[in-house]
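A.B. asks:
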Amino acid sequence: DAGAHVGQLCDAPQATDLLGNWVRDRNVMPMETAIRKLSGQQADLFGFVDRGYLRPGYWADITVFDPETIDPGPVRRVRDFPANAERLTADEPAGIRHVLVNGHAIQVDGTPVAEAVASRPGHLLRSTPRVATSG
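Residue numbers for the sequence shown follow this note's numbering, beginning at 634 and rising by one.
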């Protein structure tokens, strides 16, 4: 929809909502299944062969969180679109302790590491085209 519905809600907190609301509070699936859906399953779907799993030689994108307190945080309105248009977002998650991007700690004990964030250790990824096979 080319962003036509972005003004209604930003889904950036989808991962913290899944882990806190659907896994911990509602017991819809085990925590391990949810983490696989957020990591390895996404890497497999998009053809990222060296991501999504904690394996030797793979890129280390890791979020360390407290399963008892993980939460997307409060929903609020922001006006950061052209013409001062608004959207809903939840951009103050709870329960996230540490974040590593490509092995670089960008958040430690809940606090961003300014120099690590400024160095931008992440990279733009493009998926590998998948070819359908018969059989």
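All C-beta atoms, glycine included, are put in the ideal place defined by N, C-alpha and C.
#1: Here's the rule: buried if 16 or more other CB atoms are within 10 angstroms of the residue's CB, otherwise exposed. What is ASP644?
#2: On the three-state DSSP scale, how would you describe LEU774?
#3: What residue range does the alpha helix (DSSP H) around VAL750 cover?
#4: Quick check: the Cα distance between ALA667 and PRO745, rounded to an integer number of angstroms?
#5: Using only alpha-carbon positions, find the residue among GLU748, VAL732, ALA749 and VAL750 that is nearest to ASP742.
#6: Which residues in the same chain as PHE679 place their Cβ atom closer than 6 Å to its Cβ, once the five residues preceding and following it in sequence are excluded?
C.D. replies: Well, looking at it:
#1: exposed
#2: Shown here, the chain extends from 634 to 768; a query on residue 774 therefore has no answer.
#3: 747-751
#4: 25 Å
#5: VAL732
#6: SER760
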